Each structure stands twice: as C-alpha cells, then as structure tokens.
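Read through the structure below, which is laid out as structure tokens, and then see the notes.
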Amino acid sequence: LRLGAVTARLLRHLLLRPEHVVLRYCNLKCGTPVSQHSFLSSAGRSWWSPGQAVVRAAASSGGPRPPYTTLAVSQPQQFVTHVELHRPEKLNAMSRAFWREMVELFSELAGNPDCRVVVFSGAGKMFTAGIDLMDMASDVLQPVGEDTARISWNLRKKIAEYQETFSVIERCPKPVVVAVHGACIGGGVDLITACDIRLCTQDAWFQVKVSRCRRGGFMGGASRNPQVNGNNQKIRLGKGPLALTARKMFADEAASSGLVSRVFADKEAMMAGAMELAGEIAGRSPVGVQGTKVNLLYSRDHSVAEGLDYMASWNMSMLQTEDLMKSAQAALEKKSPKTVAFSKL
Ligand SMILES: CCC/C=C/C=C/C(=O)SCCNC(=O)CCNC(=O)[C@H](O)C(C)(C)COP(=O)(O)OP(=O)(O)OC[C@H]1O[C@@H](n2cnc3c(N)ncnc32)[C@H](O)[C@@H]1OP(=O)(O)O
Numbered sequence: 104l105r106l107g108a109v110t111a112r113l114l115r116h117l118l119l120r121p122e123h124v125v126l127r128y129c130n131l132k133c134g135t136p137v138s139q140h141s142f143l144s145s146a147g148r149s150w151w152s153p154g155q156a157v158v159r160a161a162a163s164s165g166g167p168r169p170p171y172t173t174l175a176v177s178q179p180q181q182f183v184t185h186v187e188l189h190r191p192e193k194l195n196a197m198s199r200a201f202w203r204e205m206v207e208l209f210s211e212l213a214g215n216p217d218c219r220v221v222v223f224s225g226a227g228k229m230f231t232a233g234i235d236l237m238d239m240a241s242d243v244l245q246p247v248g249e250d251t252a253r254i255s256w257n258l259r260k261k262i263a264e265y266q267e268t269f270s271v272i273e274r275c276p277k278p279v280v281v282a283v284h285g286a287c288i289g290g291g292v293d294l295i296t297a298c299d300i301r302l303c304t305q306d307a308w309f310q311v312k313v314s315r316c317r318r319g320g321f322m323g324g325a326s327r328n329p330q331v332n333g334n335n336q337k338i339r340l341g342k343g344p345l346a347l348t349a350r351k352m353f354a355d356e357a358a359s360s361g362l363v364s365r366v367f368a369d370k371e372a373m374m375a376g377a378m379e380l381a382g383e384i385a386g387r388s389p390v391g392v393q394g395t396k397v398n399l400l401y402s403r404d405h406s407v408a409e410g411l412d413y414m415a416s417w418n419m420s421m422l423q424t425e426d427l428m429k430s431a432q433a434a435l436e437k438k439s440p441k442t443v444a445f446s447k448l
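Be aware that the sequence shown starts at 104, since it is given in the numbering used here, and climbs by one per residue.
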C-alpha cells in the first residue's frame, strides 16, 4: 500500500512537470540562457542560500601538482572538484600548457565517478588576463607551412585545438560552476560561456578584445557568447559597444544581461556561495543531474521536436534508475536529497 501511494504521488509529480515543458521552455529564446535556468539545481523558489553555507569555502589550493602546471585541482567536499586557474604571477594568462592541461583534466573529470560537479575559479588578483600574448605571438601569429594552403591548414588545426580547450567543459556531463573575480578578459569570456553556471564578484569586469586585436572574430567565443547573451544587440552593443569595441562590461550589467546569474560582494562570499551550490548539486542523483546537462545542451542546438525525441530515448533507460525512487521517497519523507546515498556514476 505504502509503495502504491508513493508510486501514485511520484507519477503525479512527473506528470505535473513533464520533460517537454522543460524542453519547450529552453527553446523559448526567453533571454535567459538555458544553462542558467534552475533545472541544474532544485527547481523552484530559491536555488541556493549561500547565507547558510556550512561547507568551507575553498581557499587557495596550494598550487598546481603534477601533471598540471597551470591548474590546481582539489576536492573540498565529497563529489565536488575545485579547479583553480593558477598562474597568478602572470594574471592567469592562458599559456600553451593551460590549453593542453584543460583538455587532459576535463576529459578525466568527465569519467571520474568521484566528481559530480566542478567549481572553477582563478587564483590571485584576477580571474584571467586572457590568452598568453607571448605564446600567441609564436603559436598563432606565426603559423608554419610551405604555401598558403598548408599555412591555413595548420592554422585551422591550431584554432580547433584552442576551441577544444573550452568545448571539453561543455561536453563534460558534470555541471561546471565558474566563479569570476576581477578581470575576465578575452579567452576568459570564451571559457566562462562554456560553463553551466556563472557567478562573479562586484569588482568583476568582462572584456572581449576582438576589435582591438583586429582578428575580426573570436576563435570560438563568437559561437558561444550569443547562446549565452542572445545573438542580438547585447553582445554586439549592450548598453554601449561590447564585442565590437572591446569596452568593459561590469558586474551589474553582466548580471542584468544574463552573463552571470549572481553577483557577490567579494571573492570569499562568492567561493562560499559556489561551494554551497556545488554541494547542493553534488547531493542529487548523478543520473538526474548529468542527464539534465546532456539534454539541455542537446535541446539548445536542436528543434523542440528533435529535443523531445532525444529526451524520450534518453529517459527510456534513465528513468529506470533506482535514484528516481530514492529521490521520490526522500521528497515524500521531507528529507533533503543529501541524505540519500546515490550510487556512483
Ligand atoms: C577558442 C578561444 C580562443 C581564445 C582567444 C583569446 C583571446 C584573448 O584572450 S585576447 C586578450 C589578451 N589579453 C590582453 O590583451 C590583456 C593583456 N594584459 C593587460 O592588459 C594587463 O596586464 C591587465 C589590464 C590585465 C592588468 O594590468 P596590471 O597593470 O594590473 O598588470 P601587469 O603588470 O600588466 O601584468 C602583470 C604580469 O602579468 C603579465 N601579463 C598580463 N597579461 C598577460 C597576457 N595576456 N599574456 C601574457 N602575460 C600577461 C604581464 O606581462 C606581467 O608580467 P611581468 O612583466 O613578468 O610581471
């Protein structure tokens, strides 16, 4: 009888929140980026309350350890991985090692069952000063090849490698929460737009240097920024030229335009908020959370009909998870999902 009642209530819950409502909502082009909606956390009134943070905010992790030289990786709480961009003496400029290490690290995290969510931040004075201009001079600006075709071929390959550094974040099924303080320049904006949830401090500013570099286009950001900010006046102009003139966007505008979902007074408060949110996500069913990210991304790039079809195929197996019953039971017993021991995924 008890099981019957639970099942009936569970079914009612599912029917009241069918996935196609979520998918259609994502496709409304409502101005709020898909990944910033609350589906990745507890849907509803308030998606996290940093004020009640009980987790310790991740302090600087002590620097990179082999095999990494530009990324400091730690596990501040169970199932939460903290990745810190760590080259503070060069303002976390993105060196050749960084572009490579990101791919290695995120490929590993994607399949690591001890990681259910990633918090990404920068060490030192600012989040990042963008691409390492010294490396860029030798890497991108002096492409090798015997003729125009070969030079172009090699340059295309190089650009694709740069793009891959941020695509691995998006492809990683674990949600990535990025926390930005101080400056976030050039490639930094590309990086954060590949993340799922963006937070910043009141002193944060964002700058896209395309026009100044006279490159006439980003190496990837032009594809993702419009997905985040709307392919409209906001990214081209905002309240004043942004991508087209390389002006700075400050925290309040970043929040009102949807580039970030929350602004914190300072870095300490932001990291506490990021860790609290990460803990909230990590405590939920990994089958549900990772499936949500995969399907949100799919529906972003496809029609409603294609998204519905994909989700039906996805859920015909994933709905058979034991996590569903465990979550439902906890909800009915008014227990936090954090009290449920979900098997590793
Ligand atoms: C698919 C994706 C493709 C991605 C493409 C990405 C493109 C870009 O990122 S374009 C943007 C490139 N970045 C810049 O133009 C910013 C350059 N830096 C600055 O303007 C200033 O450093 C800044 C305003 C950020 C801070 O100024 P501040 O006075 O506070 O510090 P500095 O003394 O200038 O810098 C301290 C040391 O850091 C080194 N450094 C800073 N930025 C970079 C950089 N981008 N690349 C390499 N090194 C950088 C700077 O040289 C100083 O080093 P040192 O002299 O050894 O002390």
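We treat Cβ as the ideally placed atom computed from N, Cα and C, and that holds for glycine. Predicted model only: the values in this text are computed from it and were never measured.
- Your pair T173 and E204 checks out as a contact, with CB atoms roughly 6 angstroms apart and the cut at 8 angstroms.
- Here V311 carries a coil assignment [DSSP, helix/strand/coil].
- Judged by DSSP in its simplified three-state form, M229 adopts coil rather than helix or strand.
- Note on geometry: alpha-carbon atoms of F209 and R253 lie some 31 angstroms from one another.
- In this structure A175 is buried. Its beta-carbon is surrounded by 16 or more other beta-carbon atoms within 10 angstroms.
- Excluding sequence positions up to five before and after V443, its CB lies within less than 6 angstroms of the CB of K429, A433, all in the same chain and listed in chain order.
- Around the C-beta of D426, 16 or more other C-beta atoms lie within 10 Å, and the residue is accordingly described as buried.
- Here D299 is buried. Its C-beta has 16 or more other C-beta atoms within 10 Å.
- Contact holds between the region 225 to 238 and the region 185 to 197, because three or more Cβ pairs, one in each stretch, are under 8 angstroms apart.
- In the pairwise beta carbon analysis, the region 288 to 297 is classified as touching the region 266 to 274: at least three pairs are separated by under 8 angstroms.
- Judged by the Cβ position, M205 fails to qualify as a neighbour of ligand 1 at the 6 angstroms threshold, every heavy atom of the ligand being at least this far.
- Residue pairing of V366 in beta bridges, as defined by DSSP: C303.
- With contacts defined as CB atoms closer than 7 angstroms, V281 and R301 qualify as a contacting pair.
- Shortest Cα-Cα distance from E356 to any of G386, K441, Q305 involves Q305.
- Boundaries of the beta strand (DSSP E) harbouring S177: 174 to 180, taken from the DSSP string.
- By the beta-carbon neighbour count (other beta carbons within 10 angstroms, threshold 16), M352 is buried.
- With a cut-off of 6 angstroms, the C-beta of A358 is classified as distant from ligand 1, since no heavy atom of the ligand falls inside that distance.
- A direct Cα-Cα distance of roughly 43 angstroms separates K277 from D250.
- Per the C-alpha coordinates, the member of Y413, E409, G391 positioned closest to V220 is G391.
- As computed with DSSP, I234 is found in a beta bridge with M197.
- About 23 angstroms separates the Cβ atoms of H189 and G214, ruling out a contact at the 8 angstroms cut-off.
- A354 is not a Cβ neighbour of V222, given a cutoff of 7 angstroms.
- In this chain, K351 is not harboured by any alpha helix (DSSP H); it is covered by the beta strand (DSSP E) spanning 351 to 353.
- With respect to the C-alpha of T348, the residue from V363, R365, S360, V311 having the closest C-alpha is V311.
- For L236, the CB falls within less than 6 angstroms of some heavy atom of ligand 1.
- Closer than 6 angstroms to some heavy atom of ligand 1: that describes the Cβ of K193.
- In the DSSP assignment, L188 falls within the unbroken beta strand (DSSP E) covering 183 to 188.
- Bridge pairing for C287: T231, F309 [DSSP].
- Here the alpha carbon of F367 sits roughly 6 angstroms from the alpha carbon of C303.
- Straight through space, the alpha carbons of L399 and A415 are spaced by roughly 13 angstroms.
- Shortest gap from the CB of D306 to any heavy atom of ligand 1: 6 angstroms or more.
- G289 and F309 have their C-alpha atoms some 8 angstroms from each other.
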